[in-house]
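Engineer: Below is a structure I'd like to ask you about.
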Amino acid sequence: MRKFLLSMTLKGGTAGRLSVLSFHRIAENRDPFYESVTTKELEQQFCTLKKYFNVLPINKAIQQLQEDTLPKRSVVITFDDGYANNYDLALPLLKKHNLSATFFICSGAIDGGIMWNDAIIESIQNHKGSQLNLSLDEGFSSRIAQKWPTATITQKIQLAQILRAELKYLPLTKRATLIEILKEKTSTEFSSNLMMASSQIKALADSGMEIGGHTLNHPILNKSDDAEAENEIFLDKEKLEKIIGKKINYFAYPNGKPKTDFSERDKVILKNAGYKAAFSTADGVAVNKSDLFAIPRFTPWDSKVNRFIYQMFCNATNPSS
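Using my numbering, you'd call the opening residue of the sequence shown number 30 and step up by one each time.
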C-alpha cells in the first residue's frame, strides 16, 4: 500500500493541488515545553521537498492556482509568528537548498516582545515553588482557580498546556491581564530575544522571502469585535509594510480553524485591507475552485522520506471546498 501511495504521489496523481506547509518554532534541540521542529528534521524535510516536489514562491503558486496551471506536487512553505529562530536557523537552510518561504509575522511581538503563549510557558518554567495558587479573585475561571502542583517538569508542562488552552479564546485585554498576574506571581522577566527584530524581517524580505500578516497581538478573530478585528489586521499590515518598504499580500489567521477562529466578516476585512489570499490551519490542499481566503495548511509530522511523502499524499487527497 505504501509503495502505491508513494508511486501515485511521485507520478503526479495529485496534479493541480497546492499543499501549504506550516511551521512555527525551529530549534537545534528539542525542548519539552515547546512544540518545535529541529534543524535536522527541517533539513531532512527540505531535502525531500527539493527532490520530489515543486516548491513555489507564494505569489507564483497563487497565480497558478487561479489559472489552474499548477505543476505536479506543488508546495508552498510558510512559517508563523515571527520567531527569531526562523531567521537564525530556518533561513540559512532555505538558502542552502535554494527554497522560498513565506513568514507570517505577528508584529505586536517583534523587537523585544513576546507571544502570549510563550509568556505563559516562561512564567511556569520560572516558578520556583512546588505549587502555584491561582484564584477566582485574580480573574481565573473556576476550572483554573486552584492550587496546581509545579514540583516537576511534567507538572509544569501540564499546567502550561492547560493555561494556554484556557487563555487562547479570551478577549485580548483579559488575556493580557491574566498573563501579567502570572508574571508577577512567578517573578518572571520575559525573554527579549524570542521574536525577530524589524531589521531581520527586512533582511528576510530583501533575501527574496515573502512577508505576510498575522495580526498585531494574535487574537482569535472570532472573539474580536469589528473594531478590534479591523485594527489587528490593518495596523499589522501597515507596520509590516513600513518595515519592508513594500506591500504585503498574504495573511495567516491566528490559530486558523475555519468558523471557530475566523469568519466571513474577517475575510471581508482582509479584502478591504488589500490582501490577495489568506491561510487557515484546516487539513487539505487548495484547488482551482478553493476559497482564496481560506487556503488550508498543515504541519508535517515526520522527516523520514517515506513517511513524509505518505503524509503529503494523504493530505493531497483531501482538497478544500
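Every residue, glycine too, gets a C-beta built ideally from N, C-alpha and C.
Keep in mind the model is a prediction, meaning the values are calculated, not measured.
From the DSSP output, which residues share a beta bridge with K176?
Structural biologist: Answer is N162, bridged to K176.
Engineer: DSSP has S103 in a bridge; who is on the other side?
Structural biologist: Looking at the DSSP assignment, S103 forms a beta bridge with L47 and N83.
Engineer: Determine the burial state of I121: buried for a count of at least 16 other Cβ atoms within 10 Å of its Cβ, exposed for fewer.
Structural biologist: The residue you asked about is not Ile; residue 121 is Pro in the sequence shown. So P121 ends up on the exposed side.
Engineer: From what residue to what residue does the beta strand (DSSP E) around V334 run?
Structural biologist: Run containing V334: none in the beta strand (DSSP E); it sits in the alpha helix (DSSP H), V334 to A345.
Engineer: Under the three-state reduction of DSSP, which class applies to S110: helix, strand or coil?
Structural biologist: The question names Ser, but residue 110 is Asp in the sequence shown. Looking at D110 - three-state DSSP - the assignment turns out to be strand.
Engineer: Taking its Cβ as the centre, do 16 or more other Cβ atoms sit within 10 Å of D290, making it buried, or is it exposed?
Structural biologist: That one is buried.
Engineer: So, helix, strand or coil for R54, using DSSP?
Structural biologist: Note: R54 maps to strand in three-state DSSP.
Engineer: Taking Cβ to Cβ, would you say I208 is nearer than 7 Å to E167?
Structural biologist: Contact flag unset, no.
Engineer: Return the CA-CA distance between S350 and G241, expressed in angstroms with no decimal places.
Structural biologist: Model confidence at S350 stands at a pLDDT of 45, short of 50, so the residue's coordinates are unreliable and nothing is read from them.
Engineer: Kindly list the residues whose CB is nearer than 7 Å to the CB of L299, restricted to its own chain and excluding five residues on each side of it in sequence; keep chain order.
Structural biologist: Hits under 7 Å: I262, F280, A307 and F322.
Engineer: Just to confirm before moving on: does the CB-CB distance between L250 and S136 stay below 7 Å?
Structural biologist: No; because the gap between Cβ atoms is not below 7 Å, this pair is not in contact.
Engineer: Quick check: what's the CA-CA separation for K252 versus T206?
Structural biologist: The straight-line gap from Cα to Cα measures roughly 16 Å.
Engineer: With three or more beta-carbon pairs closer than 8 Å as the criterion, would you say the region 106-117 touches the region 182-196?
Structural biologist: With a cut-off of 8 Å, the region 182-196 and the region 106-117 do not count as touching, because too few Cβ pairs lie within range.
Engineer: Hey, how far is the Cα of V84 from the Cα of L47?
Structural biologist: Looking at the two C-alpha atoms, the distance is approximately 10 Å.
Engineer: The alpha helix (DSSP H) that contains T183, what's its start and end?
Structural biologist: First-last of the alpha helix (DSSP H) with T183: I182 to K197.
Engineer: Secondary structure at V316, three-state DSSP: helix, strand or coil?
Structural biologist: V316: coil per DSSP, three-state reduction.
Engineer: Would you mind sorting N162 into buried or exposed? The rule is 16 or more other CB atoms within 10 Å of its CB.
Structural biologist: Flag for N162 reads exposed.
Engineer: For D312, which option in Q340, D331, R336 and S292 has the closest C-alpha, if you only look at C-alpha atoms?
Structural biologist: Per the Cα distances, Q340.
Engineer: For Q229, collect the residues of the same chain with a Cβ closer than 6 Å to its Cβ; drop the 5 residues on either side in sequence, then sort them by chain order.
Structural biologist: Counting only Cβ-Cβ distances below 6 Å, and skipping sequence neighbours, we find Y116.
Engineer: If L188 sits next to W177, beta carbons under 8 Å apart, how far is it from one beta carbon to the other, in whole angstroms?
Structural biologist: About 5 Å; that satisfies the 8 Å criterion.
Engineer: According to DSSP, is P287 helix, strand or coil?
Structural biologist: Note: P287 maps to strand in three-state DSSP.
Engineer: Quick one: measure Cβ to Cβ for P287 and S319, integer angstroms, because I've assumed they're closer than 8 Å.
Structural biologist: So it is not a contact: roughly 12 Å between Cβ atoms.
Engineer: Taking 8 Å as the cut-off, does the region 72-83 touch the region 325-337 (at least 3 CB pairs, one atom from each stretch)?
Structural biologist: The answer is yes - the region 72-83 touches the region 325-337, with three or more Cβ pairs under 8 Å.
Engineer: On the DSSP letters alone, give me the boundaries of the alpha helix (DSSP H) that S357 sits inside.
Structural biologist: Summary: the structure shown does not reach residue 357, with the chain confined to residues 30 through 350, and so no result is reported for it.
Engineer: Note down the Cα distance separating L199 from T98, rounded to an integer number of angstroms.
Structural biologist: Going from the Cα of L199 to the Cα of T98 covers about 42 Å.
Engineer: Does T131 pass the burial test, meaning 16 or more other C-beta atoms within 10 Å, or should it be called exposed?
Structural biologist: T131 comes out buried.
Engineer: With E261 as the anchor, note down where its alpha helix (DSSP H) starts and where it stops.
Structural biologist: Looking at the DSSP string, the run of the alpha helix (DSSP H) that includes E261 is D255 to I273.
Engineer: If I measure Cβ to Cβ from I91 and keep anything under 6 Å in the same chain, skipping five residues before and after, which residues do I get?
Structural biologist: Hits under 6 Å: A306.
Engineer: Since E151 and S220 should fall inside the 8 Å C-beta cutoff, what is the C-beta to C-beta distance between them, to a whole number of angstroms?
Structural biologist: E151 to S220, Cβ: 6 Å. Contact.
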